[in-house]
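Quick look at the structure:
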């Protein structure tokens with residue numbers, strides 16, 4: 001494998017000049033570096049590292065650097081996302097019960113798992129924070145007709161999509177609010193609140209959970225899903241000057257990767273009821289399925305990219321960005337058979 005400076009490597013990857021196998025090998029090299037950086041020789045040092053981060057987060061704003069988030073991820077063309085994802089447009093991990101599970105089946109299996117673990121019952125009021133394309137709210141509202149779902153998103157395109165799906169599915173028990181979670185306020189109180197892959201872009205979990213607790217009824221429950229490492233917690237920043245991987249998708253300062261146990265240190269206003277971990281293999285396979293969908297529809301994808309860019313080169317760069325994004329996720333969550341980076345689910349009650 002040829003040695004290249006970071007800038008040259010990124011340029012060649014986005015021009016499609018580096019084979020997928022080599023890209024994946026380079027990703028695994030960066031993941032190995034991250035583990036060498038993060039794992040300490042003693043448990044005392046390991047715990048000290050975690051608690052240093054916990055204490056520092058409690059002194060930060062709720063979220064920082066959000067304006068630097070790459071809009072390629074959150075404002076991608078809807079035509080693109082419809083082909084890349086499954087029928088429920090779930091932009092996070094599916095749940096694969098066996099090797100024959102399809103992407104559509106995995107999306108539904110994970111959504112059912114959310115509903116079960118959040119203890120959703122007909123007649124409840126449900127808030128979905130950072131609702132994305134509405135996978136949780138739309139699925140839940142269709143399954144629990146007497147529930148009222150409220151989704152919160154900061155994306156106009158996501159809001160428009162969800163409202164369109166509500167008309168298509170004849171759902172009258174979903175409403176969507178356009179708001180920034182960090183400044184959103186409401187007098188309404190909810191039976192259940194979902195926060196699926198929300199905390200990754202937050203810093204001060206204490207402030208976030210305090211805010212969410214104020215929206216919970218006294219007997220309400222909060223269900224959280226977040227990506228994590230089984231032991232390590234860290235701001236998503238480069239390990240060294242040649243680390244091209246860490247900020248390829250998420251610019252420095254926009255992401256914090258928690259350990260599986262980290263939210264247990266933020267129970268001032270909520271108390272944990274239960275916790276589960278899921279192998280990273282589920283998310284790895286979702287990324288692989290998204291990549292397959294892209295490659296099966298590569299001609300259509302290229303046309304979509306051409307429609308939103310000015311030149312053929314820009315279109316190819318954007319296409320390759322999305323392919324590499326999928327490879328990055330597949331390798332991260334698949335590393336060591338899914339036993340390093342993974343998912344955790346937590347259920348909290350109000351204190």
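Residue numbers (this note's numbering): 1 to 351. For glycine and all other residues, C-beta sits at the position ideal for the given N, C-alpha and C.
For a quick check, are the C-beta atoms of residue 62 and residue 208 less than 8 Å apart? Sequence index remark: in the chain shown, residue 62 carries index 62 (1-based). Sequence index remark: in the chain shown, residue 208 carries index 208 (1-based). Cβ distance < 8 Å, so residue 62 and residue 208 count as in contact.
Residue 70 (DSSP reduced to helix, strand or coil): If you number the chain shown from 1, residue 70 lands on position 70. Note that residue 70 scores 47 on pLDDT, short of 50, meaning its location in the model is unreliable; the coordinates nonetheless yield the value given after this. Residue state, collapsed to three classes: coil.
What residue does the alpha helix (DSSP H) around residue 133 start on, and which one ends it? Taking the chain shown and counting its residues from 1, one reaches residue 133 at position 133. Looking at the DSSP string, residue 133 is not in any alpha helix (DSSP H), and its letter there is neither H nor E.
Can you tell me the Cα-Cα spacing of residue 91 and residue 158, whole angstroms? Taking the first residue of the chain shown as 1, we reach residue 91 at position 91. Taking the first residue of the chain shown as 1, we reach residue 158 at position 158. Cα to Cα, residue 91 sits roughly 12 Å from residue 158.
Taking just the CA atoms, how far does residue 261 sit from residue 44? Position 44 of the chain shown holds residue 44. Position 261 of the chain shown holds residue 261. Straight-line Cα distance between these residues: approximately 16 Å.
Residues in its own chain within less than 7 Å of residue 274 by CB, not counting five upstream and five downstream? Taking the chain shown and counting its residues from 1, one reaches residue 274 at position 274. Taken in chain order, the residues that qualify are 347.
To the nearest whole angstrom, what separates the beta carbons of residue 25 and residue 1, a pair I think is in contact under 8 Å? Numbered from its first residue, the chain shown carries residue 25 at position 25. Numbered from its first residue, the chain shown carries residue 1 at position 1. Confirmed, Cβ separation roughly 6 Å.
Anticipated Cβ contact below 8 Å, residue 162 with residue 176, distance rounded: Position 162 of the chain shown, counted from the start, is the residue given in the question as residue 162. Position 176 of the chain shown, counted from the start, is the residue given in the question as residue 176. Correct: roughly 5 Å between the Cβ atoms.
Between residue 324 and residue 288, what straight-line distance do the alpha-carbon atoms span, to the nearest angstrom? In the chain shown, residue 324 corresponds to position 324, counting from 1. In the chain shown, residue 288 corresponds to position 288, counting from 1. Those two C-alpha atoms are separated by around 11 Å.
Can you list, in chain order, the stretches of the alpha helix (DSSP H) that have 4 or more residues and sit fully within the stretch 74-114? 78-84
Quick check: what's the CA-CA separation for residue 353 versus residue 145? Residue 353 lies beyond the residue range present for the chain, which begins at 1 and ends at 351; the question has no answer from this structure.
Have a look at residue 30 and residue 320 and give me their C-alpha separation to the nearest angstrom. As a working mapping, residue 30 is identified with position 30 in the chain shown. As a working mapping, residue 320 is identified with position 320 in the chain shown. Residue 30 and residue 320: Cα-Cα distance of roughly 19 Å.
Three-way DSSP call (helix, strand, coil) for residue 215 in this model: Within the chain shown, numbered from 1, the residue matching residue 215 stands at position 215. Looking at residue 215 - three-state DSSP - the assignment turns out to be coil, as it is neither helix nor strand.
Kindly indicate the opening and closing residues of the beta strand (DSSP E) around residue 192. In the chain shown, residue 192 corresponds to position 192, counting from 1. DSSP places residue 192 in the uninterrupted beta strand (DSSP E) bounded by 190-196.
Quick one: using the 10 Å Cβ neighbour count with 16 as the cut-off for buried, is residue 164 buried or exposed? The count along the chain shown starts at 1 and reaches residue 164 at position 164. Exposed.
Can you give me the Cβ contacts of residue 16 inside the same chain, cut-off strictly under 7 Å, excluding the 5 residues immediately before and after it? As a working note, residue 16 is residue 16 in the chain shown. Correct list, in chain order: 316 and 320.
Measure the beta-carbon distance from residue 181 to residue 152 and round it to whole angstroms, keeping in mind my assumption that it falls under 8 Å. In the chain shown, residue 181 corresponds to position 181, counting from 1. In the chain shown, residue 152 corresponds to position 152, counting from 1. That pair is a contact at about 6 Å.
In chain order, what residues of the same chain have a beta carbon less than 8 Å from the beta carbon of residue 88, not counting five sequence neighbours either side? As a position in the chain shown, residue 88 is number 88, starting the count at 1. Contacts found: 104, 107, 108, 111, 135, 138 and 139.
Own chain partners of residue 70 with C-beta closer than 6 Å, once the 5 adjacent residues on each side are dropped: Stepping through the chain shown from its first residue, residue 70 is reached at position 70. Reliability fails at residue 70, whose pLDDT of 47 lies under 50, so the model's placement of it is uncertain and no value is given.
On the criterion of 16 or more Cβ atoms from any shown chain inside 10 Å, does residue 225 qualify as buried, or is it exposed? Walking along the chain shown from the start, residue 225 turns up at place 225. The residue is buried, with at least 16 neighbouring Cβ atoms inside 10 Å.
Given this structure, state the Cα-to-Cα distance separating residue 79 from residue 310, to the nearest angstrom. On the chain shown, position 79 is the one that residue 79 refers to. On the chain shown, position 310 is the one that residue 310 refers to. Linking residue 79 to residue 310 through their CA atoms gives a straight-line distance of about 18 Å.
Local Cβ density within 10 Å of residue 304, reported as buried at 16 or more and exposed below that: For the purposes of this step, residue 304 is identified with residue 304 of the chain shown, where counting begins at 1. Classification for residue 304: buried.
Starting from residue 315, follow the alpha helix (DSSP H) in both directions and report where the run begins and ends. One-based indexing of the chain shown puts residue 315 at position 315. Here the alpha helix (DSSP H) through residue 315 covers 312-334.
Going by DSSP in three states, residue 166 sits in which element: helix, strand or coil? Mapped onto the chain shown, residue 166 falls at position 166. Helix at residue 166.
How long is the line joining the alpha carbons of residue 68 and residue 242, rounded to whole angstroms? Position 68 of the chain shown, counting from 1, holds the residue named residue 68. Position 242 of the chain shown, counting from 1, holds the residue named residue 242. Per-residue confidence for residue 68 stands at a pLDDT of 47, beneath the threshold of 50, marking its modelled position as unreliable; the derived number appears in the next sentence. Straight-line Cα distance between these residues: approximately 21 Å.
Three-state secondary structure (DSSP) of residue 341: If you number the chain shown from 1, residue 341 lands on position 341. It is a strand residue.
What are the residues that DSSP puts in a beta bridge with residue 239? Against the chain shown, residue 239 aligns to sequence position 239. Beta-bridge pairing links residue 239 to no other residue.
Kindly identify the DSSP beta-bridge partner or partners of residue 178. One-based indexing of the chain shown puts residue 178 at position 178. DSSP, once it has assigned bridges, lists 153 as partnering residue 178.
Rank 222, 172, 256 and 167 by C-alpha distance to the C-alpha of residue 204 and give the top, closest one. By one-based count along the chain shown, residue 204 stands at place 204. Considering only alpha carbons, the answer is 256.
Per the contact definition of three or more C-beta pairs closer than 8 Å, is the stretch 209-224 in contact with the stretch 190-198? Yes, the stretch 190-198 touches the stretch 209-224.
Tell whether a beta-carbon distance below 8 Å holds between residue 126 and residue 191. Locating residue 126 in the chain shown gives position 126, counting from the first residue. Locating residue 191 in the chain shown gives position 191, counting from the first residue. The answer is yes: Cβ separation under 8 Å.
Does DSSP classify residue 250 as helix, strand or coil? Your numbering for residue 250 matches position 250 in the chain shown. Reduced to three states, the DSSP call for residue 250 is coil.
Whose C-beta lies closer than 7 Å to the C-beta of residue 20 among residues of the same chain, with five residues either side of it excluded? Sequence index remark: in the chain shown, residue 20 carries index 20 (1-based). Counting only Cβ-Cβ distances below 7 Å, and skipping sequence neighbours, we find 327.
Under the DSSP definition of a beta bridge, which residues are partnered with residue 128? Residue mapping note: residue 128 aligns to position 128 of the chain shown, counting from 1. According to DSSP, which records beta bridges pairwise, residue 128 is partnered with 151 and 194.
Could you give the residue range of the beta strand (DSSP E) that holds residue 46? For the purposes of this step, residue 46 is taken as residue 46 along the chain shown, with counting starting at 1. Looking at the DSSP string, residue 46 is not in any beta strand (DSSP E); the run it does join, the alpha helix (DSSP H), is 43-57.
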